[in-house]
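As structure tokens, the structure follows; a few thoughts come after it.
Residue numbers (UniProt numbering): 1 to 402.
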């Protein structure tokens, strides 16, 4: 899988860019605000339909967009993707609706209107970024979002179940709030009202939970090896999925080994039982207290929680090792390598760990886009096959063949 061409109009600092892309990828050098990260953001957006920099899509549109012609501001992205000897084109348009001053996103694939949920996974990416340290130090929601974006790219059923789960959760919470505001309501009527929402929440939540448990198991299996190679350390790095639905270790093992229907049935039963067990607490507080929306990932190094006791260097290497394990997981699930986006990651590492990371990636025949402000960081022998591009003010000003 690789991205053959990208076209941008009025996206971030780019007025217009039409850039053919080699299968190997590019080295991208330029000063701050030259457009390096914005180009990687555009690739990530075409793959996931989300930005990794902002939740406000209005910010993706060039500040002068539409001004010369008196038109509403807009941005347009086009990517040509090759995979399995097939070719497809993803087009995304972001427009501002003047009456609400909000942005609306429209997506087409091969000229036909598509929903975001149907396009995700057409192009798959793994992003390395300095902000990835939040995977260790950030809130549980950061780690859940990481799992959601990764799994959505390799499992469309996961994305559909997650989307349905989120909507059901909102509706169930709304009902619980109503019940909490009327404590005198008949208990039998309450149970009758909640029965449907419990059943639907458990069905879709169980799929989300099973998929996450299996994915984290796959990540954890590759994580320690990558970490040891990067850190040159014998200290074991572990990753565990922390579920708010009580799951004893034997059940976790069965979920990983069983067929998908059997694994879902086991989790379904546990989830349903756990909801009934905390019914009074949920009614009192007016919210759903257990489920994938409250779960977390926990990193431990030699048995100690990495966020609390690990050095900043070890934390950063653990995140890089996670992304290397993610490449393995994507390849194992789809049979194809994802596109790799390395946004100014090398500047965060010392020379020894730069060498180790780049040597690890040199054995991965994936398309790679590697950015830096210092050209010397990109002159590593492991990157020699990638053409060097220089970005200035949203334009590719120099393309040097290696």
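In this text, a Cβ means the ideal position worked out from N, Cα and C, and glycines have one as well.
Item                                                                                                                 : Value
Three-state secondary structure (DSSP) of residue 461                                                                : With the chain covering only 1 through 402, there is no way to say anything about residue 461.
Backbone CA spacing between residue 76 and residue 88 [nearest angstrom]                                             : 17 Å
Given 8 Å, three or more beta-carbon pairs between the region 333-347 and the region 369-376                         : yes
With 16 other Cβ atoms within 10 Å as the buried cut-off, status of residue 259                                      : exposed
C-beta atoms of residue 386 and residue 36 nearer than 7 Å                                                           : no
Pair within 7 Å by beta-carbon distance, residue 345 and residue 52                                                  : no
Euclidean distance between Cα positions of residue 132 and residue 191                                               : 43 Å
Among 234, 327, 290, 95, nearest to residue 65 - alpha-carbon criterion                                              : 95
Those residues which DSSP pairs with residue 61 across a bridge                                                      : 11
Residues near residue 283 in its chain [Cβ-Cβ closer than 8 Å; skip 5 each side]                                     : 176, 179, 180, 190
Pick from 188, 208, 90 that is closest to residue 159, judged by C-alpha positions                                   : 208
Cβ-Cβ distance between residue 418 and residue 317 below 7 Å                                                         : The requested residue 418 does not occur in the structure, where the chain is confined to residues 1 to 402.
Coil, strand or helix - residue 411 by DSSP                                                                          : This structure cannot settle anything about residue 411, because the visible part of the chain is limited to 1 through 402.
Whether residue 375 touches residue 125 by CB criterion (7 Å)                                                        : no
C-beta atoms of residue 245 and residue 271 nearer than 7 Å                                                          : yes
Straight-line gap, residue 16 to residue 394 (C-alpha atoms, nearest Å)                                              : 8 Å
Where residue 335 falls, given that 16 or more other Cβ within 10 Å makes a residue buried                           : exposed
Local Cβ density within 10 Å of residue 155, reported as buried at 16 or more and exposed below that                 : buried
Residue 242 versus residue 137: straight-line alpha-carbon distance, rounded                                         : 16 Å
Chain C within 7 Å of residue 310, Cβ atoms only                                                                     : The chain labelled as chain C is not found in the depicted structure, where only one protein chain is given.
Integer Cβ distance of residue 38 from residue 11, believed to fall under 8 Å                                        : 7 Å
Local conformation of residue 278 per DSSP, three classes                                                            : coil
Endpoints, alpha helix (DSSP H) assigned at residue 205                                                              : 187-231
CB contact flag (residue 288, residue 115, <7 Å)                                                                     : no
Own chain partners of residue 151 with C-beta closer than 6 Å, once the 5 adjacent residues on each side are dropped : 158, 211, 215
Beta carbon of residue 301 nearer than 7 Å to that of residue 235                                                    : yes
CA-to-CA distance, residue 23 to residue 4, given in whole angstroms                                                 : 7 Å
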